[in-house]
Amino acid sequence: MSRTVSLRGRDLLSVADLSAEEVGRIFEVTDALKGEFRATGRHAVPPLPGRTLAMLFQKPSLRTRVTFEAGMAQLGGHAVYLTNDVVLGARESVRDVARNLERFVDAIVVRTGPHEVAVELAAQADIPVLNGLTLREHPCQALADVFTMRERFGRLDGLVVAFVGDGNNVYHSLALLGAALGMEMRLAHPVGYAPNERIVARATELAAASGGRLRFGHDPVEAVRGAAVVYTDAWTSMGQEAETEERRDAFAGFGVDDALLDAAGRHDVVAMHCLPAHRGEEITSAVIDGPRSLIWEQSENRLHVQKALLVEVLGGLVAS
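When we follow numbering that gives the first Met the number 0, the leftmost residue of the sequence shown carries the number 0, and every step to the right adds one.
This is the structure we're talking about:
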């Protein structure tokens, strides 16, 4: 495998932190790790023996927690899960948490609300900090999603992805990554639920450099025409529970069902969802469990992509 790029010791707060070459490197390592693990259920020579990862989670999680924790174990290291033990900025300042953890562990995964918390943690900690989710971005999710698309379609350049729903953190990371890799990223959203303008501006710059494209509208049927991937997310994300009824009304008509997939006009169209799903709202059970679903593959690939990211960030570093 090529060693022309290195992520050793790097933070990952946004997918925009990565060049196309660096993304390619992560995917190359993912292919190797996934192939070995699928074949034998283990790694003959675990690449991260003795490494430790602090998982600083202030938001609930199934996939992010289990894939990072299991991933570290499979790589020969260990993960320490921290939730109510640490309340960033309340029980202890972000700076003090960072200064402590950098002396205990090799890296930190942070899953929190304000993106600024992750940025400050990375600025204060002298070890790699990986974004496991903020309100602005979900870079590990996007990396796994785009890797999954590459597995299915064999290419990314020119691939059309239609995101139907909220212009949220998942869309932000997908738009940034897809734009950087020459993909056509479409968004159909209700009025009032557009993405962050600064994210869109950055994604537009990346698309201009790569030959990618961004498109926006309010009609799901128009958005999915010709799309290879129809992607959706929950209408109400963590922290927005008070808006549930309002959002349910606003997003009526933005559900992904078999009829919407048919509107893509492609025999190979697939549905994707970052999960957790609210079956019968943003997506039907028939789609989730049907033959055109790529959802379980993208969920599994969180494990493999994050393992590759950990290997690239921690591999070759002097152990703490």
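We put the CB at the ideal spot given by N, CA and C, even for glycine.
Just so it is clear, the structure is predicted and the values come from calculations on it, not from any experiment.
- Message: Am I right that L205 and A161 are in contact with their C-beta atoms under 8 angstroms? What's the rounded C-beta distance?
- Response: Counting from 1 along the sequence shown, the entry for residue 205 is found at position 206. Counting from 1 along the sequence shown, the entry for residue 161 is found at position 162. That belief does not hold up - the Cβ atoms of L205 and A161 are roughly 19 angstroms apart, past 8 angstroms.
- Item | Sequence ranges, alpha helix (DSSP H) only - wholly within the stretch 143 to 214, length at least 4 | 168 to 179 and 196 to 209
- Would you check if the distance between the CB atom of V104 and the CB atom of V65 is smaller than 8 angstroms? By 1-based counting over the sequence shown, the position of residue 104 is 105. By 1-based counting over the sequence shown, the position of residue 65 is 66. In this structure, V65 does not lie closer than 8 angstroms to V104 by Cβ.
- From the DSSP output, which residues share a beta bridge with V4? Here residue 4 refers to the residue found at position 5 of the sequence shown. V4 pairs with nothing; no bridge assigned.
- Inter-stretch contact at 8 angstroms, needing at least 3 Cβ pairs: the stretch 266 to 286 / the stretch 121 to 128: no
- Could you round the C-beta distance between T110 and G131 to whole angstroms and report it? I think they count as a contact, below 8 angstroms. Mapped onto the sequence shown, residue 110 falls at position 111. Mapped onto the sequence shown, residue 131 falls at position 132. The residue you asked about is not Thr; residue 110 is Arg in the sequence shown. Between G131 and R110 the Cβ distance is about 4 angstroms, and since that is below 8 angstroms, they are a contact.
- What do you reckon, are the CB atoms on L313 and R50 nearer than 8 angstroms? On the sequence shown, position 314 is the one that residue 313 refers to. On the sequence shown, position 51 is the one that residue 50 refers to. Yes, the Cβ-Cβ distance between L313 and R50 is below 8 angstroms.
- Message: Going by beta-carbon coordinates alone, are A262 and V220 separated by less than 8 angstroms?
- Response: Translated into the one-based positions of the sequence shown, residue 262 becomes position 263. Translated into the one-based positions of the sequence shown, residue 220 becomes position 221. Their beta carbons are under 8 angstroms apart, which means A262 touches V220 by this criterion.
- Message: What does the alpha-carbon distance come out to for the pair L260 and L87?
- Response: In the sequence shown, counting from the first residue as 1, residue 260 sits at position 261. In the sequence shown, counting from the first residue as 1, residue 87 sits at position 88. Their Cα atoms are separated by approximately 42 angstroms.
- Do you know how far the Cα of P113 is from the Cα of S92? As a first step, residue 92 must be located in the sequence shown, where it is residue number 93. As a first step, residue 113 must be located in the sequence shown, where it is residue number 114. Computed Cα separation, rounded: 15 angstroms.
- Task: Would you mind sorting N83 into buried or exposed? The rule is 16 or more other CB atoms within 10 Å of its CB.
- Result: Translated into positions along the sequence shown, residue 83 becomes position 84. N83 is exposed by the Cβ-count criterion.
- Message: Pairs of beta-carbons, one from the stretch 37 to 54 and one from the stretch 8 to 23, closer than 8 angstroms: are there three or more?
- Response: no
- Would you mind sorting W295 into buried or exposed? The rule is 16 or more other CB atoms within 10 Å of its CB. Locating residue 295 in the sequence shown gives position 296, counting from the first residue. It counts as exposed.
- Message: Tell me the DSSP secondary structure of F26 in three-state form.
- Response: Translated into positions along the sequence shown, residue 26 becomes position 27. It is helical.
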